[in-house]
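Protein chains in written order, with the working numbering: chain A, 1 to 516; chain B, 517 to 835.
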């Protein structure tokens, strides 16, 4: 058993005694780095037969990397694996399979137009006595046996694309079990399941447990962590920061372990106590993309945060406000005027979206800085629809100077700029368009620390000049340090609002995770 | 939220029959031509339709598999033309039909290997890769033939196309044989299962430890080989090799596959649909021929028909 790093406050109970014998699998000192990030840093824990091992952590804590290392998709830079006490190597998916490790990703590895049986035994088909042909009789018999085992009541002849998400998940589990999986890794398996389906999944999990299958279960739902978990491991910034048992721990303790990342960063922000007119008012907004009953207000001079877990509906809210996704109910008022057009209407009304995937949605990478800066402002810069290269160049140069974009000239290809400078170009294109409401979706994604401060200084400058900002971020620290207020989302709804004085990482996590 | 996914979708306004678009198109055309053209509904003519559809079927069957991998082969018509010329020239110079047939299939395999290698190993989009090889094959066809028809092929070669076994024309037997072969290939072999997965989810294949790159190449090689087989029938039918004989036939093949309901995405396809698609194109061409409609207009009709059938299928899958 590993000691928790000394720098961590020990909020956990003493680590529980491990059962006798060897763990099914033990990770010791696993590290994995990517350029610029240490995704996993000296992670160790044992997995015992028949246990449900809950893995907790914020977005980016290293859970996905750990899963990929476990299934052989990534190779650990350092560390050792012990399988039943014997040192083993996991360097490929084949290795992982040999040790009985099966991972069920949120994006399923199913082939939509093959049937259930073909999917379960993909790559492991049964040959018939006639050379080259398949034994289809055996395929469907064996598949039926797997379906009986997991209690999935569909025909093995059903094409997978006709199944619901829950049933597809069950097929994945069946596929894993048919490979004699002894360790099943599941990534938020209940995220898209109804209560009934969740209960069914838990039932299957309990049956598997009784047969000695170990389950590593990544979850964001406290209720299931405590109802289903036998052991809990918490990750933060790629490090294992704590182990706990559900009966001797509390949700608050776990939340405290999850938050509090130390990032050396300054957040330049001049807070104002008296915001201006209402810029955006959203009432009872529902949209085709799934969000429901969204209510929010943003005033001039404010930075308002929109937080919650990945998948909670933050980006969908931004897209609906921007007119990119179809609205089904409710209203959006910009500067008091009802808004119900597409992105073109929204941008003419003064809204600018700085999307999360800068390279695909924010920029035309193969075009120049000047072209990218002009693109959103075309109607404003050239009201008579005639393009003038001189005006475009003058505007571009002005913005380059104002935002201090590091580029030799407006004719530079935007693709070769650094992440931070690319982001400035995206912001700049909205400045040229005369935008007054900026929606930032993960504004610092893929930007190095120095440039982050610069981006925040820029955002601060925008609001001090009277613009309004809606900011989506998975980095709670950013929300806490930069925003005047924040809305917290969960399951496609806004579940609470935090004022400046209540704004803390713990509150955000608690609100975003709290179970219905 | 999830309950929504479980409940049936809202009732469709238009009630669509659950018959594939291709069946409806085929039936409608059949009735239409039977009514409009007195010569259409005769045993001779119907047999004729079947015989004339076989060459197209030989291209459309492998095209179905290629499209199921989210691929495309635009070079098929040109490769068929080139293979036909090579076959004719070889038989003239060696006198051996077997050797000539082997040469034709060899040409097809070589182009298939090239197509597959470009698409699989170099990740060139299939449209671009096979557009390039189409040009190459067309150019080679003009080169080897010097732009002239290759004539003087022994009369017995003609028998392959015009002969029969107990009254059933040879081409029909060949068509039935290859249809059965592709049916077995797609539904009763690993190869077929993996073809569906190649278009549906390549990651699933990788995770299952299947080396799919070589597999993808072999799908294109199968297409080339079938162009070689079709070249034998084509040469026998014309008793000559023409440098423009099958140029553009890939259009008919792709149209037949699309008509049959094979999707260009996600590995959703079936060979029976392709057979029906081929027959639909055959009935359309035959009926229009009987009504003396020029072949340029026929191509337009096929285009319109494809769009119409796909619209029907789209409406059906939505409802």
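C-beta: ideal position from N, C-alpha, C; glycine also.
Since the structure is predicted, the reported quantities are computational estimates derived from the model, not experimental observations.
Classification of residue i by the beta-carbon crowding that lies within 10 angstroms, buried from 16 upward
i: residue 516 (chain A); result: Reliability fails at residue 516 (chain A), whose pLDDT of 45 lies under 50, so the model's placement of it is uncertain and no value is given.
i: residue 672 (chain B); result: exposed
i: residue 277 (chain A); result: exposed
i: residue 129 (chain A); result: exposed
i: residue 793 (chain B); result: buried
i: residue 451 (chain A); result: buried
i: residue 823 (chain B); result: exposed
i: residue 799 (chain B); result: buried
i: residue 653 (chain B); result: buried
i: residue 85 (chain A); result: exposed
i: residue 160 (chain A); result: buried
i: residue 199 (chain A); result: exposed
i: residue 503 (chain A); result: buried
i: residue 557 (chain A); result: With chain A running from 1 to 516 in the structure shown, residue 557 (chain A) is simply not present.
i: residue 74 (chain A); result: buried
i: residue 465 (chain A); result: exposed
i: residue 153 (chain A); result: exposed
i: residue 821 (chain B); result: buried
i: residue 582 (chain B); result: buried
i: residue 387 (chain A); result: exposed
i: residue 250 (chain A); result: exposed
i: residue 89 (chain A); result: exposed
i: residue 310 (chain A); result: exposed
i: residue 168 (chain A); result: buried
Cβ separation of residue i and residue j, assumed to be a contact under 8 Å, to the nearest whole Å
i: residue 613 (chain B); j: residue 607 (chain B); result: 6 Å
i: residue 751 (chain B); j: residue 603 (chain B); result: 5 Å
i: residue 790 (chain B); j: residue 577 (chain B); result: 6 Å
i: residue 592 (chain B); j: residue 769 (chain B); result: 6 Å
i: residue 443 (chain A); j: residue 423 (chain A); result: 7 Å
i: residue 134 (chain A); j: residue 126 (chain A); result: 6 Å
i: residue 575 (chain B); j: residue 596 (chain B); result: 7 Å
i: residue 803 (chain B); j: residue 545 (chain B); result: 7 Å
i: residue 214 (chain A); j: residue 420 (chain A); result: Rounded, the Cβ-Cβ distance is 44 Å, inconsistent with contact.
Which of helix, strand or coil DSSP assigns to residue i
i: residue 531 (chain B); result: Unreliable placement is indicated for residue 531 (chain B), whose pLDDT of 44 sits below 50; the coordinate value is still reported in the next sentence. Coil, per DSSP.
i: residue 77 (chain A); result: coil
i: residue 343 (chain A); result: helix
i: residue 267 (chain A); result: coil
i: residue 24 (chain A); result: coil
i: residue 417 (chain A); result: coil
i: residue 517 (chain B); result: Residue confidence for residue 517 (chain B) is low, a pLDDT of 36 falling below 50, so the modelled location carries little weight; the figure read from the coordinates is stated next. It is coil, neither helix nor strand.
i: residue 323 (chain A); result: coil
i: residue 703 (chain B); result: helix
i: residue 553 (chain B); result: coil
i: residue 412 (chain A); result: coil
i: residue 259 (chain A); result: coil
i: residue 337 (chain A); result: strand
i: residue 71 (chain A); result: coil
i: residue 526 (chain B); result: Any reading at residue 526 (chain B) is ruled out, since the residue's pLDDT is 37, under 50, leaving its predicted position unreliable.
i: residue 454 (chain A); result: helix
i: residue 471 (chain A); result: strand
i: residue 483 (chain A); result: coil
i: residue 101 (chain A); result: strand
i: residue 740 (chain B); result: helix
i: residue 506 (chain A); result: helix
>> Could you tell me which whole alpha helix (DSSP H) segments of length 4 or greater appear in the segment 773–830 of chain B?
In response: Annotation: the segment 773–830 of chain B contains the following complete segments of the alpha helix (DSSP H) (minimum length 4 residues), in chain order: 787–806.
> Are at least three pairs of beta-carbons, each pair with one atom in the segment 756–768 of chain B and one in the segment 713–723 of chain B, less than 8 Å apart?
Replying inline: No: fewer than three Cβ pairs fall under 8 Å.
> Touch check for the segment 44–64 of chain A and the segment 229–242 of chain A: three-plus C-beta pairs under 8 Å?
Replying inline: Between the segment 44–64 of chain A and the segment 229–242 of chain A, the count of Cβ pairs shorter than 8 Å is three or higher; the stretches touch.
> So, do the segment 23–42 of chain A and the segment 73–86 of chain A have three or more beta carbon pairs nearer to each other than 8 Å?
Replying inline: Short answer: they touch.
> Should the segment 565–572 of chain B be called in touch with the segment 677–693 of chain B, which here means at least 3 C-beta pairs below 8 Å?
Replying inline: As far as the Cβ criterion goes, the segment 565–572 of chain B touches the segment 677–693 of chain B, which means the pair count is three or higher.
>> Going residue by residue through the segment 644–678 of chain B, where are the continuous alpha helix (DSSP H) segments of at least 4 residues, counting only ones entirely within it?
In response: Within the segment 644–678 of chain B, the complete alpha helix (DSSP H) runs of at least 4 residues fall at 674–678.
>> Counting beta carbon pairs with one atom in the segment 318–326 of chain A and one in the segment 337–351 of chain A, are three or more of them shorter than 8 Å?
In response: Verdict: yes, contact present.
> Enumerated in chain order, which unbroken segments of the alpha helix (DSSP H) with a length of 4 residues or greater are wholly contained in the segment 116–185 of chain A?
Replying inline: Fully enclosed alpha helix (DSSP H) runs of 4 or longer: 116–120, 136–150, 165–178.
>> With a threshold of 8 Å, are at least 3 pairs of Cβ atoms found where one atom belongs to the segment 187–195 of chain A and the other to the segment 799–816 of chain B?
In response: Taking 8 Å as the limit for Cβ pairs, the verdict is that the segment 799–816 of chain B does not touch the segment 187–195 of chain A.
> Looking at C-beta atoms only, is the number of pairs between the segment 329–337 of chain A and the segment 494–508 of chain A that lie closer than 8 Å three or more?
Replying inline: These segments do not touch.
> How do the segment 295–314 of chain A and the segment 271–287 of chain A stand: do at least 3 beta-carbon pairs fall below 8 Å, yes or no?
Replying inline: In the pairwise beta carbon analysis, the segment 295–314 of chain A is classified as touching the segment 271–287 of chain A: at least three pairs are separated by under 8 Å.
> Would the segment 413–420 of chain A and the segment 357–377 of chain A be scored as touching if the rule is three or more Cβ pairs under 8 Å?
Replying inline: Touching, yes, given that three or more Cβ pairs across the two stretches are closer than 8 Å.
> Touch check for the segment 471–490 of chain A and the segment 506–513 of chain A: three-plus C-beta pairs under 8 Å?
Replying inline: Segments in contact, yes.
> Going along the chain, which unbroken runs of the beta strand (DSSP E) with 3 or more residues stay wholly within the segment 180–257 of chain A?
Replying inline: Given a length threshold of 3 residues, each whole run of the beta strand (DSSP E) inside the segment 180–257 of chain A is given here in chain order: 183–187, 214–218, 231–236, 239–244.
> Going along the chain, which unbroken runs of the beta strand (DSSP E) with 3 or more residues stay wholly within the segment 278–325 of chain A?
Replying inline: Runs of the beta strand (DSSP E) spanning 3 or more residues and lying entirely within the segment 278–325 of chain A occur at 278–287, 294–299, 303–308, in chain order.
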